[in-house]
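What follows is a short report on a single structure.
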Amino acid sequence: MDLKNKFCPKPFEYLDIHFVEGEFRCYVCCPTWLPVSVGDIGKGGLEAVWNGDLIKEIRKSMLNSSFLYCDKSLCPEIQAGTLHHKDYIYKSDYKEYLNYEDGQVPHGPKIVYFSEDRTCNLACPSCRKDYITLNDDLFDHLKGTRDKFLPDLMKDVENLNICSSGDPFSSRLYREFLFQFEGDQYPKLKINLNTNGVLLTPEVFQKMSGIHRNLSQIFISIDAAKEESYNIVRKGGQWQKLLDNISGLVQFRKKGLIDHLQLDFVVQDHNYREMPAFVKLGRSLGVDKVYFQRISNWGTFNDQEFAKRDVLSPSHPQHLHFLDVCRHPLMRDKIVKKGNLSSFIPKAQREKFYQFLKSFKFLRRMRKRVLEISR
Ligand code: SF4
């Protein structure tokens, strides 16, 4: 793939905060795609992290289009070819970033992810080996530290995302934040939620009344179109309750309380056959988009187990079947976000050509057969 003159603005405006081995590690993109921590916000505060040596080097790798620190096979922007060409950048913020040649950024992060707490009501095998719940001591530690860096962090934030590490409604840390946050004090702030959706009932949604004006996007991880496979890939989930909750959210979406409602699907051996059915499910529920993503190994699988899960790998025994599923017409529906599956889902024209070649082969076989019979 040609990345010459391409540019990604993320490291100039994005901060994702995780709590790992006692440190509040910060990342300038999704840590799966750019797995380099730029520092511990719990120790040095925001300024030390935001304009430290390492983050400046990462920014320079965006400016010189080397993308040195990015995992190019996993980054959906690189895979989908959606990175900006430096000569055609129209957004004024991004144009400004191109001038920060030494990597120093004068404002704080504009897009923040809270991902310190891994508490979740589910134990999906792709994410963890068992259920995780924060104990009281850790809760106090995480909340105490966040209260310290929060005022500084919130100065320039335009988008706050909760959370990429667990579930915002299972976690007391995030639940209390969402129920108590006074969104009116931040009229321009947008809040986005990443959730498994099981606990997000209409009643829970109402409890977030303080942020209703700020709520923007809700992403619900489902990874299945049928209850059977859902029970495997989303251990601890409740299929019918989830569907009822999504229907409730669709109503809030219609009332204008949510800007965007999306269903997410991590593709693996257990569920890839259901990808077209997942598109159908998204359509029937009335969501805005369905998003597909390749499974990543976050340390829960050994190499052998992961190889069994990852049907996107050409060496997987079911890879050709996976490619066939990608060719299903529903996979080109306009509600589909292909993410890092872009190179596997053929564009309509390429697919028409493929079908034409296939029919050509079929006609040749038919002709051969007719000749054999007529002999
Ligand atoms: S991994 Fe992709 S999205 Fe992340 S910074 Fe690199 S190019 Fe941008």
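Under my numbering, the first residue of the sequence shown carries the number -11, and numbering increases by one thereafter.
No residue lacks a Cβ here, since even glycine has one placed at the ideal position from N, Cα and C.
Quick check on DSSP: helix, strand or coil for residue i?
| i | result |
| --- | --- |
| Ile43 | helix |
| Thr183 | strand |
| Lys(-8) | coil |
| Tyr218 | helix |
| Leu34 | helix |
| Arg13 | strand |
| Phe7 | strand |
| Asp118 | coil |
| Ser235 | helix |
| Asp135 | helix |
| His129 | helix |
| Pro199 | The sequence shown places Ile at residue 199, not Pro. Looking at Ile199 - three-state DSSP - the assignment turns out to be helix. |
| Asp155 | coil |
| Asp59 | coil |
For residue i, which of the options has the nearest alpha-carbon?
| i | options | result |
| --- | --- | --- |
| Tyr260 | Thr288, Trp286 and Arg297 | Arg297 |
| Phe12 | His258, Glu84 and Phe137 | Phe137 |
| Lys229 | Asn149, Pro190 and Cys108 | Pro190 |
| Ile184 | Arg134, Gly274, Ile246 and Phe253 | What sits at residue 184 in the sequence shown is Asn, not Ile. That would be Phe253, whose Cα lies nearest to the Cα of Asn184. |
| Glu9 | Met(-11), Leu62 and Leu130 | Leu130 |
| Gly198 | Tyr174, Leu56, Glu215 and Asn219 | Tyr174 |
| Ser235 | His200, Val186 and Met263 | Val186 |
| Ser61 | Gly27, Gln168 and Trp21 | Trp21 |
| Leu273 | Ile208, Asp4, Ser158 and Leu181 | Ile208 |
| Arg106 | Ser331, Glu84 and Phe157 | Phe157 |
| Met319 | Ala265, Ser217 and Ser54 | Ala265 |
| Ser49 | Tyr76, Lys(-2), Phe310 and Lys79 | Lys(-2) |
| Lys108 | Lys44, Asp128 and Gly154 | The sequence given here places Cys at residue 108; Lys does not occur at that position. The shortest C-alpha separation from Cys108 is found at Gly154. |
| Phe(-5) | Asn52, Pro19 and Cys14 | Asn52 |
| Lys44 | Lys83, Pro19 and Pro94 | Pro94 |
| Ser114 | Val221, Leu300 and Asn182 | Val221 |
| Pro287 | Pro23, Lys277, Asp321 and Asp276 | A small fix is needed here, since residue 287 is Gly in this sequence, not Pro. Here the closest residue by C-alpha is Pro23. |
| Asn39 | Tyr76, Gly69, Phe0 and Tyr57 | Phe0 |
| Val313 | Asn290, Asp257 and Ser284 | Asp257 |
| Gly225 | Gln67, Lys79, Leu188 and Asp276 | Leu188 |
| Asp125 | Arg201, Asp232, Arg160 and Lys242 | Arg160 |
| Pro334 | Asp28, Leu3, Ala68 and Gly32 | Ala68 |
| Lys214 | Ser103, Pro64 and Val267 | Val267 |
| Asn219 | Phe169, Leu245, Asp321 and Ala111 | Ala111 |
| Gly91 | Gly33, Asp135, Ile246 and Val37 | Val37 |
| Ile29 | Pro97, Ile323, Tyr57 and Tyr85 | Pro97 |
| Lys223 | Leu231, Ile179, Asp211 and Asn233 | Asp211 |
| Phe7 | Leu56, Gly27 and Ile66 | Gly27 |
| Lys178 | Ile206, Asp232 and Arg271 | Ile206 |
| Gly32 | Met(-11), Tyr2, Thr133 and Ser103 | Thr133 |
| Phe310 | Glu262, Ile323 and Asp276 | Glu262 |
| Gly375 | Asp291, His304, His200 and Thr70 | For residue 375 there is no data in the structure shown, the boundaries of the chain being -11 and 363. |
I'd like to confirm the pairing. Which residues does DSSP put opposite residue i in its beta bridges?
| i | result |
| --- | --- |
| Asn147 | Ile99 and Lys178 |
| Tyr2 | Ile99 |
| Phe207 | Asn182 and Gln250 |
| Asp28 | Arg13 |
Quick check: is the beta carbon of residue i nearer than 8 Å to any beta carbon in chain D?
| i | result |
| --- | --- |
| Phe7 | Looking for chain D here will not work: only one protein chain is present. |
In chain order, which continuous runs of the beta strand (DSSP E) of length 3 or greater are located wholly inside the stretch 77 to 115? As far as the stretch 77 to 115 is concerned, its whole beta strand (DSSP E) runs of at least 3 residues are 99 to 103.
Curious, which full-length alpha helix (DSSP H) runs of at least 4 residues does the stretch 283 to 325 contain? For the stretch 283 to 325, whole alpha helix (DSSP H) runs of length 4 or above, ordered along the chain, are 291 to 297 and 307 to 314.
Runs of beta strand (DSSP E) wholly within the stretch 241 to 290 (minimum 3 residues, chain order): Considered as a whole, the stretch 241 to 290 harbours 248 to 255 and 277 to 282 as its complete beta strand (DSSP E) runs of no fewer than 3 residues, in chain order.
Which residues end up in the neighbourhood of the ligand SF4 when you take C-beta atoms closer than 5 Å to any of its heavy atoms? Each of Cys(-4), Lys(-2), Cys17, Trp21, Leu22, Cys58, Cys63 and Glu65 has a C-beta closer than 5 Å to some heavy atom of the ligand SF4; these make up the full list, in chain order.
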